[in-house]
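If you read the protein sequences in the order shown, they are chains W and Y. Just so we're aligned, residue 1 is where the first sequence starts under my numbering, counting upward by one. Just so we're aligned, residue 369 is where the second sequence starts under my numbering, counting upward by one. Think of the CB as a built atom: it goes at the ideal place given N, C-alpha and C, for glycine as much as any other residue. Reviewing the structure listed below.
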Amino acid sequence: MSLDVTLQTDPESFGADATDEARRQVEICNACRYCEGYCSVFPAITRQKVFASGDITQLANLCHNCRGCYYACQYTEPHEFALNLPRALAEVRTESWDRLAWPGGLSETFQKSGVALAGALVAGFALMFFAISALPSGGEGFYAHLGHTAMVAIFAPAFLLPLAAMGVSLTRYWREVGGTRVTWADLREAGASAGRLRNLSGGQGQGCNFEEGDRYTDRRRQMHQLVLYGFLLCFASTSSGTIMHYVFGMEAPYAWYALPKLLGVPGGVMLTVGALGLAWLRTKADPELGAPDVKGGQMGFVLLLAFVGLSGLVLYAATGTAAVPLLLALHLGSVLALFLLIPYSKMAHGFYRFAALVREAQIARAAS
Amino acid sequence: MTDDLNRLSATRWDVVVVGGGNAALCAAIEVAETGASVLMLEGAPETYRGGNSRHTRNFRCKHDAPLSVLTDAYEEDEFFDDLMRVTKGKTDEHLARLAIRKSEEALPWMEAHGVRFQPSLSGTLSLGRTNAFFLGGGKALVNAYYNTAADLGVRVVYEAQVRHVGIEGRRFTHVEVEKDGVTHRIEGRAIVLAAGGFQGDIDWLARAWGESARNFLIRGTPYNKGVVLRDMLDQGAESVGDPTQCHAVAIDGRAPKYDGGIVTRLDCVPFSVVVNRDGDRFYDEGEDVWPKRYAIWGRLVAAQPEQVAYSIIDSRSIDLFMPSVYPPESADTIDGLAQKLGLPGAKLRETVERFNAACTDGSFSPQELDGLATTGIEPAKTNWARPIAEPPFYGYVLRPGVTFTYLGLRVDETARVTGPEGRYDNIWTAGEMMAGSILGQGYLAGFGMTIGTVFGRIAGQEAAAHVA
């Protein structure tokens, strides 16, 4: 068997302890290869013999932290090789998100600190209370409290600016991992993987090792997909509302059988249940197999997702009551915080992981 | 946890299982499934549980048609022929054929008890027909069995070293087990011994093999010290297997003393010249493909001064084999490499130059026996003899790495042990403690797990029937 020893990217384009430690561990894994069946990371490792820092960044973002390799490893502490690959890659991953975030500095704060996230949430509430009391209203339903124009004025930039920032980060990521021109085949492959969260399936659908230690369970993947698809349904709900508003002149509030409600209500339920489920699973899992530095920020983010979902459902349930202005401010405030923090919170992981899956599809195809 | 053992010693267990690897777990599960009470005494701490099973990766399995991840067929006679080839006939044919035949039904049993298989790993495609690989390797298998055993109510005590098996006449009565420096007496109605060989005890190895064994590395667990095996032999249990021999392969000389496992293997030998401490070659490096030769190199290196050897390649060969866990020493000249490896420079240069001069023209083909041989030197290199000429030069240090020992307890087809007064009433054994009956010499990849699984299950079934 011949191995490619050419570097995928410039060697040592940056130096970092976490990357060096992950490289040490990956080289041991490459001499063992018992874990090949768990996920995409190990087959990716075996394609190379030398790992540039950008290669380690790519492996770290490809890793979904299923932890199968940790519990199967002969070389975990107290063995002198002291392997803990899920943690080593988690630390490289979170460091890479700090390094690649634009503008810099924000990611360090919001990734690590649940308190900072809570602060952002409160700021979101305050802003929305102010907006509801100060900005013009006009219309029915919640437009009676905050007009459509005001809402668009706040949320269009709150959505588009973070996405633009995320675009900068992804461009940096792509350069760091040596990505090439993206084809439809790459996207299709990455989409198939993300859509089923294949890398959290344990390789055979038995699931990963999280809340029950070395026993496999598929709950984490199920909860994650409830969040993912719930969020996408909520997003589709809002998009359908926007189209109905601008294209068809059909303004909110919508009846329960209208598209925004048919998409949004199940989406909100899925988002809430999934996020609470993930939070519960996190309390059972071993924090030493992730990046302990960001534990607070990640838990805070999951709870923020749950709050967004739950507050949206409660708001709908409270239609027509005096609680609407209060609930509207809470819901929109949480949505605002979530959007603004996309590039600087755990929310960013979805973008980086997808990029890593696209890059993996490219490398795998080139190697085959 | 000493309290725990105090409490557990108040019970008279149906079956006591000594050991905590694959064979012990298979036995414990078989017993527990009949409803009998089982206490497992594992000498290692929980993080190192599983004996050498944690280092394994596959299960050699007979099958007459595709089975699980296994392709085609691998029939009894072919399997047995493979065994005869590696053992040079040193096997108990009756027991060997039993292990082979029962492996086919063992595989679905393993799956039903939590083991997950996968197609063979990259670089091991030659085993895809004969060996079923464990998803995640042997430690994942061990974890799965511990979970299954726990669900069945098996009690496990870690760091519980059995010092003595109490026997009255032909009957086992109790074990003396040490934990945290305190000795407990545990009574049981039957016992399964599955505590491995003695390769973890360097003193014993040195007595058996010779003082040079102190320079050997132990590839697997340090907890297999043969304490239970010794105790049984001292009480007159019948033994099998050559007491002086161990299975040793050539591994990276920088590996940890114990537990280096799979990553310390080096596959560079066929593409190299191998010299001893004095800079002399001593064997044909290209005799056959590496999977068929790595085992003899353990002995070859063991016979060299200080039990050490050095494998030298040039830049053209560095990518022809699996990556090593430790990077090779490298230098732009042979002299520089000799200095880094602590070898006599002039001598190494002379050896390499003589080797290079003996190389002939022909095509080099790393994936097959290419017949590219030296002429006029002793020992010859009969394949892949390409000059060591293109810098940088790389060097690896080799030492013997012990996999397992052959000495064990004699068993019959029910895995029952025989003592001075005939077959014991209620003592069974499985795994490395009796594998010497079947593997009298050499090794067949994945067959240790076959023996452990088949005889672990038999021992468990027999013990359970005894206490029913």
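Note to self: Can you confirm whether methionine 690/Y, when its beta carbon is compared against all beta carbons of chain W, has any partner nearer than 8 Å?
What the structure shows: Taking the first residue of the second sequence as 1, we reach residue 690/Y at position 322. Yes, methionine 690/Y lies at the interface with chain W (some Cβ there is under 8 Å from its Cβ).
Checklist line | Every unbroken beta strand (DSSP E) inside the region 48-80 of chain W [3 residues or more] | finding: none
Notebook entry, point to check: Cβ of glutamine 206/W less than 8 Å from any chain Y Cβ?
Noted result: The residue you call residue 206/W lines up with position 206 of the first sequence. It does; some Cβ of chain Y falls within 8 Å.
Check: In whole angstroms, what separates the C-alpha of glycine 37/W from that of alanine 827/Y?
Finding: Working through the first sequence from its first residue, we reach residue 37/W at position 37. Working through the second sequence from its first residue, we reach residue 827/Y at position 459. Going from the Cα of glycine 37/W to the Cα of alanine 827/Y covers about 32 Å.
Item checked: Which residues DSSP lists as bridging lysine 547/Y, in chain order -> Indexing the second sequence from 1 puts residue 547/Y at position 179. Answer is Val550/Y.
Note to self: Out of Thr459/Y, Arg523/Y and Thr402/Y, which one is the CA nearest neighbour of arginine 375/Y?
What the structure shows: On the second sequence, position 7 is the one that residue 375/Y refers to. It is Arg523/Y.
Notebook entry, point to check: Exposed or buried, which one is serine 193/W when buried takes at least 16 other CB atoms within 10 Å?
Noted result: For the purposes of this step, residue 193/W is taken as the residue at position 193 of the first sequence. Serine 193/W should be labelled buried.
Item checked: Proximity below 8 Å, CB of proline 734/Y to CB of phenylalanine 639/Y -> Position 366 of the second sequence, counting from 1, holds the residue named residue 734/Y. Position 271 of the second sequence, counting from 1, holds the residue named residue 639/Y. Cβ distance < 8 Å, so proline 734/Y and phenylalanine 639/Y count as in contact.
Next item on the list: Within the same chain, show all residues whose beta-carbon is closer than 8 Å to that of glycine 15/W, passing over the 5 residues directly before and after it, in chain order.
Entry: Residue 15/W sits at position 15 when you count from the first residue of the first sequence. Unreliable placement is indicated for glycine 15/W, whose pLDDT of 46 sits below 50; no coordinate value is reported for it.
Item checked: glycine 104/W burial status per 10 Å Cβ neighbour count (16 or more: buried) -> As a first step, residue 104/W must be located in the first sequence, where it is residue number 104. Glycine 104/W is exposed by the Cβ-count criterion.
Item checked: Cα-Cα separation between leucine 117/W and phenylalanine 110/W, rounded to whole angstroms -> Working through the first sequence from its first residue, we reach residue 117/W at position 117. Working through the first sequence from its first residue, we reach residue 110/W at position 110. Cα to Cα, leucine 117/W sits roughly 6 Å from phenylalanine 110/W.
Notebook entry, point to check: Of the residues Phe339/W, Arg47/W and Arg87/W, which one's Cα is nearest the Cα of phenylalanine 210/W?
Noted result: Sequence index remark: in the first sequence, residue 210/W carries index 210 (1-based). Minimum Cα distance to phenylalanine 210/W is reached at Arg87/W.
Checklist line | Reduced DSSP category for proline 343/W - H, G, I as helix; E, B as strand; rest coil | finding: Working through the first sequence from its first residue, we reach residue 343/W at position 343. Proline 343/W: helix per DSSP, three-state reduction.
Note to self: If you follow the beta strand (DSSP E) that isoleucine 630/Y is in, where does it begin and where does it stop?
What the structure shows: Walking along the second sequence from the start, residue 630/Y turns up at place 262. Segment: none, isoleucine 630/Y is in no beta strand (DSSP E) and carries neither H nor E.
Notebook entry, point to check: For tyrosine 71/W and chain Y, any beta-carbon pair shorter than 8 Å?
Noted result: For the purposes of this step, residue 71/W is taken as the residue at position 71 of the first sequence. Yes, contact with chain Y.
Checklist line | Contact under 8 Å by Cβ, valine 641/Y with threonine 719/Y | finding: For the purposes of this step, residue 641/Y is identified with residue 273 of the second sequence, where counting begins at 1. For the purposes of this step, residue 719/Y is identified with residue 351 of the second sequence, where counting begins at 1. Result yes, Cβ atoms of valine 641/Y and threonine 719/Y sit closer than 8 Å.
Item checked: Contact under 8 Å by Cβ, valine 335/W with valine 314/W -> What you label residue 335/W is simply residue 335 of the first sequence in a count that begins at 1. What you label residue 314/W is simply residue 314 of the first sequence in a count that begins at 1. Not a contact, by the Cβ cut-off of 8 Å.
Next item on the list: Identify, in the order they occur along the chain, each residue of the same chain with its Cβ nearer than 6 Å to the Cβ of alanine 833/Y, setting aside the five sequence neighbours on each side.
Entry: On the second sequence, position 465 is the one that residue 833/Y refers to. Same-chain partners within the cutoff: there are none.
Next item on the list: Please check if any C-beta of chain Y sits within less than 8 Å of the C-beta of glycine 203/W.
Entry: Numbered from 1 along the first sequence, position 203 holds the residue referred to as residue 203/W. It does; some Cβ of chain Y falls within 8 Å.
Check: Leaving out the 5 sequence neighbours to the left and right, which residues in its chain are closer than 7 Å to leucine 330/W when beta-carbon positions are compared?
Finding: Sequence index remark: in the first sequence, residue 330/W carries index 330 (1-based). So the qualifying residues of the chain are Phe125 and Ser311.
Next item on the list: Report the residues of the region 28-39 of chain W with a CB closer than 9 Å to any CB of chain Y, ordered along the chain.
Entry: Ile28, Cys29, Asn30, Ala31, Cys32, Arg33, Tyr34, Cys35, Glu36, Gly37 and Tyr38
Check: Mind checking if lysine 660/Y is an interface residue toward chain W, Cβ cutoff 8 Å exclusive?
Finding: Position 292 of the second sequence, counted from the first residue, corresponds to residue 660/Y. It does not: the Cβ of lysine 660/Y has no partner Cβ on chain W nearer than 8 Å.
Notebook entry, point to check: What did DSSP end up calling asparagine 30/W once you bin it into helix, strand or coil?
Noted result: Counted from its first residue, the first sequence places residue 30/W at position 30. In the structure shown, asparagine 30/W sits in a helix (DSSP, three-state: H, G or I).
Margin query: From the DSSP secondary-structure annotation, give me the bridge partner or partners of phenylalanine 427/Y.
Written below: As a working mapping, residue 427/Y is identified with position 59 in the second sequence. In DSSP, phenylalanine 427/Y forms a bridge with Ala500/Y.
Notebook entry, point to check: For phenylalanine 584/Y, does the three-state DSSP call read helix, strand or coil?
Noted result: Walking along the second sequence from the start, residue 584/Y turns up at place 216. Correct three-state label for phenylalanine 584/Y: coil.
Next item on the list: For tryptophan 665/Y, collect the residues of the same chain with a Cβ closer than 6 Å to its Cβ; drop the 5 residues on either side in sequence, then sort them by chain order.
Entry: The residue you call residue 665/Y lines up with position 297 of the second sequence. Within the same chain, tryptophan 665/Y has close Cβ partners Ala618.
Check: By how many angstroms is the C-alpha of glycine 241/W removed from the C-alpha of leucine 232/W?
Finding: For the purposes of this step, residue 232/W is identified with residue 232 of the first sequence, where counting begins at 1. For the purposes of this step, residue 241/W is identified with residue 241 of the first sequence, where counting begins at 1. For leucine 232/W and glycine 241/W, the distance between alpha carbons rounds to 14 Å.
Notebook entry, point to check: Opposite glycine 767/Y in the DSSP bridges: which residues?
Noted result: For the purposes of this step, residue 767/Y is identified with residue 399 of the second sequence, where counting begins at 1. Per the sequence presented here, residue 767/Y reads as arginine, with glycine not at that position. Answer is Ile619/Y.
Check: Just reading off the alpha helix (DSSP H) that aspartate 449/Y is part of, what are its end residues?
Finding: Here the question's residue 449/Y lines up with position 81 in the second sequence. Aspartate 449/Y -> alpha helix (DSSP H) spans 444-455.
Next item on the list: Give a yes or no on whether the minimum CB-CB distance between glycine 629/Y and chain W is below 8 Å.
Entry: Against the second sequence, residue 629/Y aligns to sequence position 261. Glycine 629/Y counts as touching chain W.
Margin query: Please report the distance separating the alpha-carbon of alanine 441/Y from that of phenylalanine 447/Y.
Written below: Here residue 441/Y refers to the residue found at position 73 of the second sequence. Here residue 447/Y refers to the residue found at position 79 of the second sequence. So the two alpha carbons sit approximately 10 Å from each other.
Next item on the list: Using alpha carbons as the reference points, say which of Thr57/W, Ala291/W, Glu212/W and Asn30/W lies closest to threonine 19/W.
Entry: For the purposes of this step, residue 19/W is taken as residue 19 along the first sequence, with counting starting at 1. Per the Cα distances, Thr57/W.
Notebook entry, point to check: Cα separation between glutamine 362/W and proline 287/W?
Noted result: Position 362 of the first sequence, counted from the first residue, corresponds to residue 362/W. Position 287 of the first sequence, counted from the first residue, corresponds to residue 287/W. So the two alpha carbons sit approximately 33 Å from each other.
Next item on the list: Output yes or no for whether 8 Å exceeds the beta carbon distance between isoleucine 586/Y and glutamine 613/Y.
Entry: Stepping through the second sequence from its first residue, residue 586/Y is reached at position 218. Stepping through the second sequence from its first residue, residue 613/Y is reached at position 245. No, Cβ-Cβ distance for isoleucine 586/Y and glutamine 613/Y is not below 8 Å.
Checklist line | Pick from Gly763/Y, Met600/Y and Glu461/Y that is closest to isoleucine 681/Y, judged by C-alpha positions | finding: Counting from 1 along the second sequence, the entry for residue 681/Y is found at position 313. Ranking the options by Cα distance to isoleucine 681/Y, first place goes to Gly763/Y.
Next item on the list: Starting from the beta carbon of glutamine 486/Y, find every residue of chain W whose beta carbon is closer than 8 Å, and list them in chain order.
Entry: Here residue 486/Y corresponds to residue number 118 of the second sequence, with the count starting at 1. Within 8 Å Cβ-Cβ: Glu36, Gly37, Gly203 and Gln204.
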